[in-house]
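Participant:
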Amino acid sequence: MAAKTFISALFLCLILSSTSILSHSYNYYPQIKPCKELVFYFHDILYKGNNRNNATAVIVGAPEWGNKTAVAQPFNFGDLVVFDDPITLDNNLHSPPVGRAQGMYLYDQQNTYNAWLSFSFVFNSTEHKGSLNFAGADPLLNKTRDISVIGGTGDFFMARGIATLMTDAFEGDVYFRLRADIKLYECWK
Ligand SMILES: *[C@@H]1O[C@H](CO)[C@@H](O)[C@H](O)[C@H]1NC(C)=O
Ligand SMILES: *[C@@H]1O[C@H](CO)[C@@H](O)[C@H](O)[C@H]1NC(C)=O
Ligand SMILES: *[C@@H]1O[C@H](CO)[C@@H](O)[C@H](O)[C@H]1NC(C)=O
Ligand SMILES: *[C@@H]1O[C@H](CO)[C@@H](O)[C@H](O)[C@H]1NC(C)=O
């Protein structure tokens, strides 16, 4: 009986020590460094009924209490927006675009500003050719928001990482500019 207890106690110790070794080695895993870092700005001008000439985004779905020329109240909740925004290297809307940010965002929280983003950066310049694909929650009022870089093509073949978004400018419900600090942790090229 005593021997049996001793053996099971020994066994328990073994399990505990091996799990603590595992969690230990995991905690001490070396810090992963990004393999590529990129910074871009993109510019979104929402169609509001009279700016078809320079609008880059349009409400395509709105709740019954809203419409397609004004964001729904409150918190834009229920609006679905499709966009085709110019991407620039600096914060000037009129700088030569290096690509397009194309996709959609939808406002999906009833008690604050929150969007869900699903879009691609499409590059066709001498510097970059290919695309990066993004998805994630965007709590707009937070100074920085992290979304996932879920893949890429061309120069960004199989890329994965994190994009930190910051609202760089916001003018009413019509224009906003986002800065995207992209850190790729998986690079094949
Ligand atoms: C869009 O164009 C209008 C008229 O051409 C101009 O007044 C407005 O400032 C432009 N908006 C942006 C964000 O450039
Ligand atoms: C859309 O909604 C806004 C805000 O409620 C309103 O001012 C505007 O007249 C509406 N536009 C149309 C075309 O119904
Ligand atoms: C990329 O740019 C080149 C040269 O301007 C053009 O021939 C090509 O069709 C473009 N490709 C895409 C996918 O836009
Ligand atoms: C909000 O911003 C803070 C710092 O600015 C950051 O640490 C946090 O992860 C952000 N939260 C979300 C949900 O993005």
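Numbering-wise, the sequence shown is residues -25 to -1, 1 to 164 according to mature numbering (1 follows the signal peptide of the UniProt record, and there is no 0). Virtual Cβ for every residue (Gly too), placed ideally from N, Cα, C. Note that the structure is a prediction, hence the values are computed from the model and not measured.
Check whether the Cβ of alanine 30 lies closer than 7 Å to any heavy atom of ligand 2, and answer yes or no.
Facilitator: Numbered from 1 along the sequence shown, position 55 holds the residue referred to as residue 30. For ligand 2, not one heavy atom lies less than 7 Å from the Cβ of alanine 30.
Participant: Tell me the DSSP secondary structure of lysine 158 in three-state form.
Facilitator: The count along the sequence shown starts at 1 and reaches residue 158 at position 183. Three-state DSSP puts lysine 158 in a strand.
Participant: Along the chain, where does the beta strand (DSSP E) that runs through glutamine 77 open and close?
Facilitator: On the sequence shown, position 102 is the one that residue 77 refers to. Here the beta strand (DSSP E) through glutamine 77 covers 74 to 82.
Participant: Going along the chain, which residues of its own chain have a beta-carbon closer than 8 Å to the beta-carbon of isoleucine -11, five neighbours each way excluded?
Facilitator: Sequence index remark: in the sequence shown, residue -11 carries index 15 (1-based). Caution applies to isoleucine -11, whose pLDDT of 48 falls short of 50 and renders its modelled position unreliable; the model cannot decide the point.
Participant: Quick check on DSSP: helix, strand or coil for isoleucine 122?
Facilitator: As a working mapping, residue 122 is identified with position 147 in the sequence shown. Looking at isoleucine 122 - three-state DSSP - the assignment turns out to be strand.
Participant: Distance check for aspartate 83 and histidine -2, CA to CA, integer angstroms please.
Facilitator: As a first step, residue -2 is located in the sequence shown; it is residue number 24 there, counting from the start. As a first step, residue 83 is located in the sequence shown; it is residue number 108 there, counting from the start. Interpretation of histidine -2 is limited by its pLDDT of 48, a score under 50 that renders its predicted location unreliable; no figure is taken from the coordinates.
Participant: Rounded to whole angstroms, how far is the Cβ of leucine 21 from the Cβ of valine 149, which I believe are closer than 8 Å?
Facilitator: Taking the sequence shown and counting its residues from 1, the one referred to as residue 21 is at position 46. Taking the sequence shown and counting its residues from 1, the one referred to as residue 149 is at position 174. Going by Cβ atoms, the distance from leucine 21 to valine 149 rounds to 6 Å, so yes, they are a contact pair.
Participant: Note down, in chain order, each residue of its chain lying with its Cβ closer than 6 Å to the Cβ of histidine 18, except the 5 sequence neighbours on either side.
Facilitator: Reading the sequence shown from its first residue, position 43 is the one you call residue 18. Excluding residues within five positions, the ones whose Cβ falls inside 6 Å are Asp60, Pro61, Leu68 and Arg152.
Participant: If you drop the 5 nearest sequence neighbours on each side, which residues of the same chain put their C-beta closer than 8 Å to that of arginine 75?
Facilitator: The residue you call residue 75 lines up with position 100 of the sequence shown. Asp59, Asp60, Pro61, Ile62, Phe96 and Val97.
Participant: Does valine 35 pass the burial test, meaning 16 or more other C-beta atoms within 10 Å, or should it be called exposed?
Facilitator: Counting from 1 along the sequence shown, the entry for residue 35 is found at position 60. Exposed: under 16 other Cβ atoms inside 10 Å.
Participant: Would you please state the rounded distance, in angstroms, between the beta carbons of alanine 32 and valine 57? I believe it to be under 8 Å.
Facilitator: For the purposes of this step, residue 32 is taken as the residue at position 57 of the sequence shown. For the purposes of this step, residue 57 is taken as the residue at position 82 of the sequence shown. Contact flag correct, Cβ pair sits at about 7 Å.
Participant: Under the criterion of a Cβ to heavy atom distance below 7 Å, does asparagine 42 qualify as lining ligand 2?
Facilitator: In the sequence shown, residue 42 corresponds to position 67, counting from 1. Yes; taking the cut-off as 7 Å, the Cβ of asparagine 42 has a heavy atom of ligand 2 nearer than that.
Participant: Can you list, in chain order, the residues of its chain with a C-beta nearer than 7 Å to that of glycine 129? Leave out the 5 residues immediately preceding and following it.
Facilitator: For the purposes of this step, residue 129 is taken as residue 154 along the sequence shown, with counting starting at 1. The answer, listed in chain order, is Lys104, Gly105 and Ser106.
Participant: Should alanine 45 be listed as close to ligand 6, given that the test is whether its C-beta is under 7 Å from any heavy atom?
Facilitator: This structure simply doesn't include ligand 6; it includes ligand 1, ligand 2, ligand 3 and ligand 4 instead.
Participant: Could you tell me which residues DSSP puts in a beta bridge with alanine 32?
Facilitator: Start at 1 with the first residue of the sequence shown, and residue 32 comes out as number 57. According to DSSP, which records beta bridges pairwise, alanine 32 is partnered with Leu21 and Phe58.
Participant: Which residue marks the beginning of the beta strand (DSSP E) containing tryptophan 40, and which one marks its end?
Facilitator: Walking along the sequence shown from the start, residue 40 turns up at place 65. Unbroken run through tryptophan 40: none, as it is neither H nor E.
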